[in-house]
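In UniProt numbering, the protein residues as written are 1 to 706.
By construction, the Cβ of each residue, glycine as well, lies at the ideal position given by its N, Cα and C atoms.
Heads up: the structure comes next, in structure tokens.
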């Protein structure tokens, strides 16, 4: 018997030991970083061919102590390397360490290589070459403190590389991690019982292929053309060939009863990658893969039992974060409503809740990403007891209170919840578009005094109940974190989806974008002001300063304004405004758009307007504007400049959402001012009236007659 060591992905040592015992390696024992076993060389070959979980099968050939690099060199020199490779072979050295005496791994790697090469050159006058990609013999050196183990890597390339992937194609889910997911889900038993398997987000098809091979008793190493032992001088081909013959026979028998396995993905490139990989392993006719989203997913009618298994996106990039919550909730809703009686395995690397309680979960790592491998037993009407019941109750209460008002006023976009309960610091807006009801959810950033873990748990609970409480498909929920935006960050794009929805506001058809920006393109709290403008704009010349996406301009235009002028520094928002005008058949020269800094434009304004809407940001700065705008500091000068463009009997509506804003008393000496704050706040925003202010401003009698 010879000692061997199988390395394992972190967290799967016990699973690997059970697998090796199932392969006949009865001596398999869990050790740090893997599994040791004392067996014949043929048993080690069997592990190379059949292990779905191991990374490498190592044959230790020496152990010694080394306090420094010279002792490491001397220890390696003490091994008879002619028993393992010759000068015509190529060589590579892998070095790993745990609290190693030699901290610099690359230097230690170099010294090991030197020791091997120097010994062979001294004996024969020639030396082997180094090939780090596909060497004939790969030497593995592990150093724990001063203890050194030198081994021959019988695997060569890591065993998770099954041999079917095209070079250069990324594989975010390693094959042995996919196999571990299937084993944790007890797929072999389900397959033997006639169960089906579905991967709704199949990516490049890794889970699909591993599932077929597992169900058909196909050795995962059967496609590989080379292992690390093939050019090792200790290799015994007479032991290897019978294992290959046996594996081929078992594969042929298993293929007689192929399992039902289906793959789906909404990304066409992922579907193409899956089909390509299935074709390369000869399974293209056995596993159909379709381009479809979660909403189209259905359980096969003739399969009461089966496994849904998937590796959803993790959203490592900031721009993806807001997409993940509805995706995971939609996955949970799909599992709960369409797969009763089935089992589900989800590799959750995002921390997002599915709205279901896992029957069991394990901590695993997908590369450097810490994940939870979650297993669900899906029962009819099952799932987690409703979390955040107090939030659900408040949402239902708010909906009841708003229902008659919404119907009477024909309001299609409104705020239903605004941090009513301190523990759930969210703003929830409902957008009833032409195609569906959408939820736009913003989390107010929690103060540093709030425990981050508890805040996250409450957030996940809240997001899991919102779609059900408000009668919305989870895929139609968009989630963002709302923070105070300063400088250029206030214009930062969150995504590039370009998905615009149309919502109705009075007679206006307005475009909103829930995903790409922090704001949606429609400030819902300004609804009464916009409606008033539309009702009172007939025959008037209207000026919209800091026009944003132009909802007020559209109201004025449809209300019969003689002309409108909209001024904003943002090219993006003016383009959006133009689309809103076109959508409402207001694409006329009388509706002028001006891309310029408002203060600079006002200084050059030489005409008068009957109605001015002035709704500046609380703070703004840009490379294209002189200095910055702070509305508390600068509002006097701004109002004075705008009033210079006001006709004698004209009206300016000035509003701001700057918290704690105070109107400077000097303005009351120059203008006739009426505080309209209470009137301007709609019913759905009356929970936080202190953050909004609105005033009617007209020229004083003295100013009119000057």
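Item	Value
Assigned exposure category for residue 39 - 16 Cβ within 10 Å defines buried	buried
Assigned exposure category for residue 465 - 16 Cβ within 10 Å defines buried	buried
Chain-order list of residues whose beta-carbon lies under 7 Å from that of residue 135 (same chain, five-residue window excluded)	90, 91 and 92
Burial state of residue 604 (16 or more Cβ within 10 Å)	exposed
Per DSSP, the bridge partner or partners of residue 330	According to DSSP, which records beta bridges pairwise, residue 330 is partnered with nothing at all.
Contact under 8 Å by Cβ, residue 61 with residue 155	no
Contact test: residue 525 Cβ vs the ligand PLP heavy atom, cutoff 7 Å	For the ligand PLP, the structure offers nothing, since it holds no ligand at all.
Contact set for residue 486: own chain, Cβ-Cβ below 7 Å, skip 5 residues either direction	Note that residue 486 scores a pLDDT of 43, beneath 50, so its modelled location is shaky; the value from the coordinates is reported in the next line. Excluding residues within five positions, the ones whose Cβ falls inside 7 Å are 619.
Candidates 161, 43 and 355, of which the one nearest residue 243 by Cα	43
DSSP-derived helix/strand/coil call for residue 646	strand
Contained alpha helix (DSSP H) runs [length at least 4] in the region 570-644, N- to C-terminal order	571-583, 598-603 and 631-643
Minimum C-alpha distance to residue 3 - residue among 15, 16, 19 and 27	27
Residue ranges of each beta strand (DSSP E) within the region 519-558, 3 or longer	541-545
Interface flag, residue 290 vs chain B, CB-CB below 8 Å	No chain B appears in the structure shown, which is made up of a single protein chain.
Neighbour-count burial assignment, residue 107, 16 or more Cβ in a 10 Å radius	exposed
Unbroken beta strand (DSSP E) run spanning residue 144, endpoints	137-144
For residue 727, the nearest candidate out of 643, 670, 137 and 680 (CA to CA)	Since the first and last residues shown for the chain are 1 and 706, residue 727 lies out of range.
Beta-bridge pairing of residue 673 - partner residues as DSSP gives them	697
Beta-ladder partner(s) of residue 60, from DSSP	151
Contact belief for residue 277 with residue 369 at Cβ below 8 Å, rounded distance in angstroms	Their Cβ separation, rounded to whole angstroms, is 22 Å, which puts residue 277 and residue 369 out of contact at 8 Å.
Assigned secondary structure, residue 362 (DSSP; H/G/I helix, E/B strand, else coil)	strand
Supposed contact pair residue 159 and residue 221 - C-beta distance, whole angstroms, cut 8 Å	7 Å
Alpha helix (DSSP H) segment containing residue 196, residue limits	Counting along the chain, residue 196 falls outside any alpha helix (DSSP H), though it belongs to the beta strand (DSSP E) covering 196-199.
The region 3-23 / the region 66-74 touching (three or more Cβ pairs under 8 Å)	no
Residues bridged to residue 344 (per DSSP)	308 and 376
Supposed close pair residue 181, residue 347 - CB separation, criterion 8 Å	6 Å
Residue 48 (DSSP reduced to helix, strand or coil)	helix
Reduced DSSP category for residue 398 - H, G, I as helix; E, B as strand; rest coil	helix
Closest residue to residue 792 among 311, 192 and 153 (Cα-Cα distance)	This structure cannot settle anything about residue 792, because the visible part of the chain is limited to 1 through 706.
Residues that DSSP places opposite residue 95 in a beta bridge	141
Separation of residue 481 from residue 608, as counted between CA atoms	41 Å
Assigned exposure category for residue 248 - 16 Cβ within 10 Å defines buried	exposed
Contact between the region 456-470 and the region 528-542 (3+ Cβ pairs under 8 Å)	no
Distance between residue 477 and residue 517 (C-alpha atoms, nearest Å)	15 Å
Which listed residue (364, 379, 75 and 283) has its alpha carbon closest to that of residue 304	379
C-beta atoms of residue 615 and residue 655 nearer than 8 Å	yes
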